[in-house]
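Just below is one structure, and these are the notes that go with it.
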Amino acid sequence: MDMILLLELALNGVFVGLMYALLSAGIVLIYKTSGIANLAQGALAMMGAYTVVVLANSFGLSMWVAIPLALAVMFAFGVALERVALRRMIGQPVIMVIMLTIGLEIFLRGVIPGFFGAAVKRLDLGISNAPIFVGELLLNRAILIGGGVSLGLILLSILFFNSRFGIIMRAVSDNQTASWSVGIRVERAIAVAWGLSACMATTSGVLWGATQGVDWSLSLLLIKALAIAILGGLDSIVGVLIAGIIVGLAESLATGILDPIVGGGTRDVVASAIILLTLLFRPHGLFGREHIERV
Amino acid sequence: MSLTRRNILTGAAVAALASQLPLRVALAQGGDKVVRIAMPMDFTKVYTFVTAEYNQGQRDYITMMNQRGGMGGYTIAVDISDHANDQPRAIEAYERAKSQGAVLVDPLSTPVARALTPRALEDKLNMVTAFSGRSDAADGTVFPYVFPLSPNYWTQAGLLIEYFKQQDGGSLDGKTICFVHIDTPFGKEPLPVLEALAAKEGFKLQAFPYTPPGNDQSAIWPQVRRARPDWTMFWGAGVGQTVALTEAARNGLDMGRVCSSVWLSESDMDVVGRDQTVGVLKFEPCVSGREPKVIQDILTEVVGAGKGAGPEDKVGTSYYNYGVMLAALMLEGVRRAAEIAPDGPVTGEWLNAGLNSITEFTAEGLIPPTTITPEDHQGGGMGRVARWNGEVFEPMTDWFSANQDVVWDEVRKYSSEFAKTGQ
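Residue numbers (full-length UniProt numbering), protein chains in the order written: chain A, 1 to 295; chain B, 1 to 423.
Structure follows, in structure tokens:
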């Protein structure tokens, strides 16, 4: 076995995992505040990247203007989504709310490429394709930067949950009725969580869009994000960070080690296997809280 | 009308229903001497990277020929609909086309073409499967109503290997060729021919499949680089191609030794960056750009007259020209059929005779000389290798065909299997 290759795959896998983890952090953010697993997070990433491309191409804006504008648009979209769709589901069974997010995922995946074109679009962040060599080891510049930005944003999220508003969100997550009773505006906290989650999805969409181009396939990131969120624990941002690294590493090494043996296709199997095994043997994930209901 | 929730919901429901109806554009209406062609294609799901430009080229060419009086006195009517790469929808579109008297159908989708093949053979309805469908459909004796009309994937692979050999001084002995492909039947299709050629020419073949649709290949290309390939072929479509090219560049591969099938276009270069991929090679089945006379004529007679089927800046792109190429071949088949039996009747068999008698057709220099016979529905398997120079694909060779003995061994092997088992 080529050790340099394994080391290279491992390093790139870690950074790819961090990029996946950023999308997962959005799922965790919503789950922590409202107890809902948002299965439209992949489509939100796709929509955010499309928004950047449309703003840049149609209005001639530079990327560095288009991206903040897209973040603002997507924040508003996330808040509006909570206000128009999610809030109406209060009191409905959780399964109905999850179905709603699946419906949203399918709807956005169809409508956005339908309106703005299904062909792959360029999203240029100015990252050079020239490889970085450390001795014989090649580091993928786009993934290195993407992973670094994702790591920074996830760490910021951890800090955010220790801020005043973050504590409010955690209180809402723990007990909505008690939060109401002490004067916390629960609906507003949940709406802000949806807005922030849409911003995280947009950032993730932009980073992946710069790596692969922008088209409907960005929504497929959902599977990886879900695997990470489930493995790390749906209510743990720290868990997302660790699980992201584990999933990225496992996928990358599986491609290098198992693909030549079984003839390919192991990359996506890894994510699916992680979801299945975690749910079977540790349903609350590595760092998630185990919920015990008193009878 | 006020903007109430009820109105919004009603509007959304109507829009949703309308989206399910076929998008039908008829380029000719009525008349006694009409040849009806159906183009149910994937405009909205998987083949979106090619369909719009390909179909635009087809429609522009057909508009031009209808304006010139049709083919052999026959006007061409085209029905276009969206099957979204969904087989039930495609079968529905096919049956509708059949009931409306279509004598040719072009679904531009491998899974759809495969699903429709038994029906087309039974109904004697000609089906064009250019750059899609079954490679063994080149065997017209087994697939009399299926017409690839273009070099199949085996031919493309065989021709590229011959080009590599010419570039490396006439021998590939001891060389390493990496084949990076999408892990689907389409991506795996060239493998039998590549394996046969590896045994014949003495090169080492290393295959690297990636998971569809190919949006993350970050763990694949470091392995390709470490294999130190002399040549690399990448075989996918849409996002898989742009990601492959990007990763090849990021891994520092020599672009002049990286090569694709037909599925690489100017639009892909725009995504990756036109200057990032200078030198990359592709198989070219027809001339790209606006130089060919037929493209110039379209610009003057159709686009200039405001009758173009799509954006003017797409005229002359690779995929647009593929569309013109196939429309020209289909209509040449109509012209030949009208020569053989001027008064019809217009049936699948009538057009079949015309398609099977296309001889040395070049569409005024757009395509290599193409001859279709009842035995060879591929048309000779000629193409050329083109190189991206940062602005356009420039030809690196003349039209040629190569390794057709190996290709036809595979064609006959699989077509005889189909004849026996229907699979």
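Cβ coordinates follow ideal geometry from the N, Cα and C atoms, glycine included.
The structure displayed is predicted, hence computed values, not measured ones.
Item checked: Where G383(B) sits in the DSSP three-state scheme -> strand
Item checked: Own chain, CB closer than 7 Å to T278(A), minus 5 neighbours either side, in chain order -> I230, L231, G285
Item checked: Below-9 Å beta-carbon distance, T110(B) vs any chain A residue -> no
Note to self: Going by DSSP in three states, F287(A) sits in which element: helix, strand or coil?
What the structure shows: coil
Next item on the list: May I have a chain-ordered list of the alpha helix (DSSP H) segments no shorter than 4 residues that lie completely inside the segment 127 to 206 of chain B?
Entry: 153 to 167, 185 to 188, 191 to 201
Notebook entry, point to check: Counting Cβ pairs, one atom from each stretch, are 3 or more of them under 8 Å apart for the segment 152 to 166 of chain B and the segment 391 to 404 of chain B?
Noted result: yes
Note to self: If I follow the unbroken beta strand (DSSP E) through A38(B), where does it start and stop?
What the structure shows: 34 to 41
Notebook entry, point to check: At a Cβ cut of 7 Å, what residues of the segment 40 to 69 of chain B count as close to chain A, listed as they run along the chain?
Noted result: Along the segment 40 to 69 of chain B, the positions whose C-beta sits under 7 Å from a C-beta of chain A are T44, T48, F49, read in chain order.
Check: At which residues does the beta strand (DSSP E) containing residue 311(A) begin and terminate?
Finding: In the structure as shown, chain A begins at 1 and stops at 295. Residue 311(A) is therefore absent and cannot be evaluated.
Checklist line | CA nearest to the CA of G379(B), picked from I295(B), I358(B), A363(B), L104(B) | finding: I358(B)
Check: For V65(A), does the three-state DSSP call read helix, strand or coil?
Finding: In the three-state reduction of the DSSP assignment, V65(A) falls in the helix class, which pools H, G and I.
Margin query: For the segment 228 to 240 of chain B, list every residue whose C-beta sits within 7 Å of some C-beta in chain A, in sequence order.
Written below: G238, V239
Notebook entry, point to check: At a CB-CB cut-off below 7 Å, which residues of chain B make contact with T255(A)?
Noted result: A219, I220
Next item on the list: Hey, could you find the ends of the beta strand (DSSP E) E394(B) is sitting in?
Entry: 393 to 395
Notebook entry, point to check: Mind checking V134(A): buried by the 16 CB within 10 Å criterion, or exposed?
Noted result: It is exposed - the Cβ of V134(A) has fewer than 16 other Cβ atoms within 10 Å.
Check: Got a sec? Which residues, its chain only, sit under 6 Å from K282(B) by beta carbon, not counting five neighbours each side?
Finding: Contacts found: S260, L264, A386.
Next item on the list: Using only alpha-carbon positions, find the residue among Y145(B), L172(B), N352(B), T75(B) that is nearest to residue 427(B).
Entry: Look at the range of chain B in this structure, 1 to 423, and you will see that residue 427(B) is not part of it.
Notebook entry, point to check: How many angstroms separate the CA atom of A374(B) from the CA atom of L351(B)?
Noted result: For the record, residue 374(B) in the displayed sequence is Pro; it is not Ala. About 13 Å.
Margin query: Going by DSSP in three states, A305(B) sits in which element: helix, strand or coil?
Written below: coil
Check: Do L191(B) and P229(B) have their C-beta atoms closer together than 9 Å?
Finding: No; because the gap between Cβ atoms is not below 9 Å, this pair is not in contact.
Note to self: Which same chain residues end up closer than 8 Å to F116(A) when comparing Cβ atoms and leaving out the 5 residues on each side of it in sequence?
What the structure shows: Taken in chain order, the residues that qualify are Y50, V53, V54.
Notebook entry, point to check: When the cut-off is 9 Å and only beta carbons count, does I4(A) lie next to chain B?
Noted result: yes
Next item on the list: Out of F164(B), A338(B), A198(B), V303(B), state which residue places its alpha-carbon closest to the alpha-carbon of R384(B).
Entry: F164(B)
Notebook entry, point to check: Cβ of residue 429(B) within 9 Å of Cβ of A137(B)?
Noted result: This structure does not reach residue 429(B), given that chain B is present from 1 up to 423, and the question cannot be answered.
Checklist line | beta-carbon C199(A) near the ligand SAM non-hydrogen atom, thresh 8 Å | finding: Annotation note on the ligand SAM: not contained in the displayed structure, which lists no ligands.
Notebook entry, point to check: Using a C-beta cutoff of 9 Å, does E247(B) count as contacting chain A?
Noted result: yes
Check: What is the DSSP secondary structure of K224(A), counted as helix, strand or coil?
Finding: Three-state result, K224(A): helix.
Note to self: Short of 7 Å in beta carbon distance, which residues of its chain neighbour S128(A), apart from the five on each side in sequence? Order them along the chain.
What the structure shows: Contacts found: R141.
Checklist line | Within chain D, partners of Q212(A) - CB distance below 8 Å | finding: Absent from the structure is chain D; the protein chains it does hold are A and B.
Margin query: Cutting at 7 Å between CB atoms, please list the residues of its own chain near R83(A), excluding the five before and the five after it.
Written below: A191
Checklist line | beta strand (DSSP E) segment containing T75(B), residue limits | finding: 75 to 82
Next item on the list: Decide if E360(B) is buried, meaning its Cβ has at least 16 other Cβ atoms within 10 Å, or exposed.
Entry: Looking at its Cβ environment, which holds fewer than 16 other Cβ atoms inside 10 Å, E360(B) is exposed.
Notebook entry, point to check: In its own chain, which residues sit with a C-beta less than 6 Å from the C-beta of V280(B), not counting the 5 before and 5 after it?
Noted result: The residues are M255, V258, W388.
Notebook entry, point to check: The beta strand (DSSP E) spanning F133(A) covers which residue range?
Noted result: 132 to 134
Next item on the list: Leaving out five residues on either side along the sequence, give the residues of the same chain with a beta carbon under 6 Å from the beta carbon of Q156(B).
Entry: Within its own chain, the residues whose Cβ lies closer than 6 Å to the Cβ of Q156(B), once the five positions on either side in sequence are excluded, are S261, F283, listed in chain order.
Check: What residues match up with P209(B) in a beta bridge as DSSP calls it?
Finding: BP columns for P209(B) point to H181(B).
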